[in-house]
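Here the sequence shown stands for residues 18 to 464, where the numbers follow this note's numbering.
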Amino acid sequence: MADPYIRETPASLTHTPTMIRSPAHQYHHKMSIIPAAPHLEFRSFVEALKQDNDLISITREVDPDLEAAAITRLVYENDLPAPLFENLKGAKDGLFRILGAPGALRKDKATRYGRLARHIGLEPTAGMKEILDKVLSAEKLEPIEPTVVQDGPCKQNILQEEDVHIESLPSPSIHKDDGGKYIQTYGMHVVQSPDGKWTNWSIARAMVKDDKHLVGLVIEPQHIWQIHELWKKEGKNCPWALCFGVPPAAIMASSMPIPDGVSEAGYIGAFIGESIPVIKCETNNLLVPSTSEIVFEGSLSITETAPEGPFGEMHGYIFPGDTHNWPVYKVNCITHRDDAILPMSACGRLTDETHTMIGTLAAAEIGKVCRDAGLPVKDAFSPFESQVTWVALQFDGKKLREMKTTSEELRKKVGDVVFNHKVGYTIHRLVLVGDDIDVYDGKDIRK
């Protein structure tokens, strides 16, 4: 008997919208959409997963209160295809569907990292080293700045402030002891320094506070915190946008600890070799990816805070009652595509996006920081078995011998470099190995 949760995905997930204006929508814009490459448009990325047989379309009604996340956790822990929840309880007026496990692993060894490869325009057979090398390649290239466009799919539907009702959205409850509904686990915050010279795209969790507000981590030394501090000095709330379903290449770069003052948009353009199209927000001057599935517009308060958490963490644990006050986000406007898709990361035990992306990209950056400090590091990776709290650093044996250093001196220098840099913020242990050890093989590291 057919599984009642699953049906064949439509031939294409991109379409010419036919929805008419409804009372809940201030504005609906009909447009023909030309699909972009999977790494440049989230909707095309979803279609690519379908073509790879790496997508399960679930059409039976699913409750966003724990059920969608529970199914997604099953996917993570068994390396199953990504679940697309097409019929969420409470969804209406195109808000929204959910794609779970957007950056998880595949069971097939030949395409193990295929979902990540699809994020950056590589073939699904690409290995982790090839993926990381491509992302890091931008550091040696000239930025390719985004292109400002006048129209885009994210403007198909526009809800002004009086029609913004966040509590009516099918926001997911992910873990039973979480402090709230975490709508933001795989979206991209957009903030800009007061002088306009630095625009930061980043991932930081946020939960629903009430009908018009979110609250989430704005934590030192992250870039969103640095820019928030600059706005505090100005005495003004920080203009802000939160984009869900952005170009996958953008979410990959947003996970990286790139240098202070570097705008992710130009960095992304460098490693994909072309400009990202962006469009102006309705209520502030920020530019957001024009193909985004959903965009929240508003401001990040410099004075108002609210309790946030607890939240099930990347280490696989949750600490009930572990709540802290963080700044509040005010949502003034929502724009979205027809039949929008919200990406969701339900982090916990192996292997989800906090491991495959945040941990691995931090390790790659740690390798670069070590090389910049004159250390002969050939490769760096964070073994999944450590819940990405370790980083294995592979040293060039020949160059290391030429340094004529002692093991104690080497350990101290590496520790000083990494743990005094923000890239080492989440790392608990460094494992130094020779070039006979494969840092991408956890078993080899533990020998």
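All residues carry an ideal CB built from backbone N, CA and C; glycine is no exception.
Treat the numbers as computed from the prediction; the structure is a model and nothing was measured.
> With C-beta atoms as the reference, is valine 181 less than 8 Å away from valine 348?
Replying inline: Counting from one through the sequence shown, the residue named residue 181 turns up at place 164. Counting from one through the sequence shown, the residue named residue 348 turns up at place 331. Against a cut-off of 8 Å, the Cβ pair of valine 348 and valine 181 comes out as a contact.
> To which residues of the same chain is valine 456 closer than 6 Å at the C-beta, ignoring the five residues directly before and after it?
Replying inline: Residue 456 sits at position 439 when you count from the first residue of the sequence shown. Closer than 6 Å at Cβ, skipping near neighbours: Asp396, Phe398, Ala409 and Gln411.
>> Assuming asparagine 174 is part of the beta strand (DSSP E), what are its boundary residues?
In response: The count along the sequence shown starts at 1 and reaches residue 174 at position 157. Element bounds for asparagine 174: 174-176.
> How big is the Cα-Cα spacing for glycine 451 and arginine 428?
Replying inline: Locating residue 451 in the sequence shown gives position 434, where the first residue counts as 1. Locating residue 428 in the sequence shown gives position 411, where the first residue counts as 1. Taking the straight line from one Cα to the other gives about 14 Å.
> Hey, proline 393 and leucine 367: beta-carbon distance below 8 Å or not?
Replying inline: Locating residue 393 in the sequence shown gives position 376, counting from the first residue. Locating residue 367 in the sequence shown gives position 350, counting from the first residue. Contact: no.
> What does a CB cutoff of less than 7 Å around lysine 229 pick up in its chain, not counting 5 residues either side in sequence?
Replying inline: Counted from its first residue, the sequence shown places residue 229 at position 212. Excluding residues within five positions, the ones whose Cβ falls inside 7 Å are Val181, Ile183, Lys347 and Val348.
> Does the distance from the C-beta atom of isoleucine 241 to that of valine 208 stay below 8 Å?
Replying inline: Counting from one through the sequence shown, the residue named residue 241 turns up at place 224. Counting from one through the sequence shown, the residue named residue 208 turns up at place 191. Valine 208 is positioned such that its CB atom lies closer than 8 Å to that of isoleucine 241.
> Can you tell me whether DSSP reads tryptophan 248 as helix, strand or coil?
Replying inline: Translated into the one-based positions of the sequence shown, residue 248 becomes position 231. Three-state DSSP puts tryptophan 248 in a helix.
>> According to DSSP, histidine 45 sits in a beta bridge with which residue or residues?
In response: The residue labelled residue 45 in the question sits at position 28 within the sequence shown. The partner list for histidine 45 (beta bridge, DSSP) reads Asn174.
> Taking one C-beta from the region 71-88 and one from the region 158-166 each time, how about it: are there three or more such pairs within less than 8 Å?
Replying inline: no
> Taking only runs of the beta strand (DSSP E) that begin and end inside the region 349-431, which ones reach a length of at least 3 residues, in chain order?
Replying inline: 358-361, 394-398 and 407-412
> Any chance the region 329-340 sits against the region 350-362, with 3 or more Cβ pairs inside 8 Å?
Replying inline: no
> What did DSSP end up calling aspartate 82 once you bin it into helix, strand or coil?
Replying inline: Within the sequence shown, residue 82 is the residue found at index 65, counting from 1. Strand.
> By a C-beta neighbour count over all protein chains shown, 10 Å radius and 16 as the cutoff for buried, is glutamine 68 buried or exposed?
Replying inline: The count along the sequence shown starts at 1 and reaches residue 68 at position 51. With fewer than 16 other Cβ atoms within 10 Å, it is exposed.
>> Taking the beta carbon of histidine 42 as the centre, do at least 16 other beta carbons fall within 10 Å, making it buried, or is it exposed?
In response: Within the sequence shown, residue 42 is the residue found at index 25, counting from 1. Here histidine 42 scores only 49 on pLDDT, less than 50, and its place in the model is too uncertain to base an answer on.
>> Once DSSP output is grouped into helix, strand and coil, what is the label at leucine 91?
In response: Walking along the sequence shown from the start, residue 91 turns up at place 74. Leucine 91: helix per DSSP, three-state reduction.
> Whose CA, out of Tyr203, Tyr442 and Met374, lies closest to the CA of valine 238?
Replying inline: One-based indexing of the sequence shown puts residue 238 at position 221. Looking at the sequence itself, residue 238 is proline, so the reference to valine does not match. The option with the nearest alpha carbon to proline 238 is Tyr442.
> isoleucine 50 to proline 170, Cα distance in whole Å?
Replying inline: On the sequence shown, position 33 is the one that residue 50 refers to. On the sequence shown, position 153 is the one that residue 170 refers to. Using only the alpha carbons, I get a separation of about 7 Å.
> Can you tell which of Ala54, Ala53, His46 and Phe62 has its C-alpha closest to the C-alpha of proline 360?
Replying inline: Indexing the sequence shown from 1 puts residue 360 at position 343. Per the Cα distances, Phe62.
>> Less than 7 Å separating the Cβ of serine 271 from some heavy atom of the ligand NAD?
In response: This structure simply doesn't include the ligand NAD, nor any ligand for that matter.
>> Here's the rule I'm using: 16 or more other beta-carbon atoms within 10 Å means buried, otherwise exposed. How should alanine 108 be labelled?
In response: By one-based count along the sequence shown, residue 108 stands at place 91. Buried.
>> Out of Glu325, Pro119 and Asn104, which one is the CA nearest neighbour of proline 344?
In response: Position 327 of the sequence shown holds residue 344. The shortest C-alpha separation from proline 344 is found at Glu325.
> Taking the C-alpha atoms as reference points, what is the distance between asparagine 217 and methionine 224?
Replying inline: Position 200 of the sequence shown holds residue 217. Position 207 of the sequence shown holds residue 224. Taking the straight line joining both Cα atoms gives about 20 Å.
> Should glycine 432 be labelled buried (16 or more other beta-carbon atoms within 10 Å of its own) or exposed?
Replying inline: By one-based count along the sequence shown, residue 432 stands at place 415. Exposed, by the Cβ-count rule.
> Quick one: what does DSSP say proline 265 is sitting in, helix, strand or coil?
Replying inline: Here residue 265 refers to the residue found at position 248 when the sequence shown is read from its first residue. Reduced to three states, the DSSP call for proline 265 is helix.
> Which runs of the beta strand (DSSP E) fall wholly inside the region 106-163 and span at least 3 residues, in chain order?
Replying inline: 114-117
> Any chance the region 143-155 sits against the region 186-202, with 3 or more Cβ pairs inside 8 Å?
Replying inline: no
> In this structure, what does DSSP give as the bridge partners for phenylalanine 208?
Replying inline: What you label residue 208 is simply residue 191 of the sequence shown in a count that begins at 1. Looking at the sequence provided, one finds valine at residue 208 rather than phenylalanine. DSSP links valine 208 through a beta bridge to Asn217 and Trp257.
> Could you give the residue range of the alpha helix (DSSP H) that holds arginine 77?
Replying inline: The residue given as residue 77 occupies position 60 in the sequence shown. Per DSSP, arginine 77 belongs to no alpha helix (DSSP H) and is neither H nor E.
>> Residues in the same chain with beta-carbon distance under 6 Å from alanine 380, minus the five sequence neighbours each way, listed in chain order, please.
In response: The residue given as residue 380 occupies position 363 in the sequence shown. Counting only Cβ-Cβ distances below 6 Å, and skipping sequence neighbours, we find Ala397, Phe398, Ser399 and Val408.
>> Let's test the definition: count the other Cβ atoms within 10 Å of the Cβ of glutamine 167 and tell me whether it reaches 16, buried, or not, exposed.
In response: Position 150 of the sequence shown, counted from the start, is the residue given in the question as residue 167. Label assigned to glutamine 167: exposed.
> Going by DSSP, which residues form a beta bridge with histidine 341?
Replying inline: For the purposes of this step, residue 341 is identified with residue 324 of the sequence shown, where counting begins at 1. In the DSSP output, where bridge partners are listed per residue, histidine 341 has Glu325.
>> Quick check: glycine 459 and phenylalanine 401, are their CB atoms within less than 8 Å of each other?
In response: By one-based count along the sequence shown, residue 459 stands at place 442. By one-based count along the sequence shown, residue 401 stands at place 384. In contact: glycine 459 and phenylalanine 401 (Cβ atoms closer than 8 Å).
>> asparagine 95 and threonine 352 - do their beta-carbons sit closer together than 8 Å?
In response: As a working mapping, residue 352 is identified with position 335 in the sequence shown. As a working mapping, residue 95 is identified with position 78 in the sequence shown. Against a cut-off of 8 Å, the Cβ pair of asparagine 95 and threonine 352 comes out as no contact.
> Going by the beta-carbon positions, is the gap between serine 280 and proline 294 smaller than 8 Å?
Replying inline: Numbered from 1 along the sequence shown, position 263 holds the residue referred to as residue 280. Numbered from 1 along the sequence shown, position 277 holds the residue referred to as residue 294. Contact: no.
> How big is the Cα-Cα spacing for phenylalanine 336 and phenylalanine 102?
Replying inline: Counting from one through the sequence shown, the residue named residue 336 turns up at place 319. Counting from one through the sequence shown, the residue named residue 102 turns up at place 85. Those two C-alpha atoms are separated by around 28 Å.
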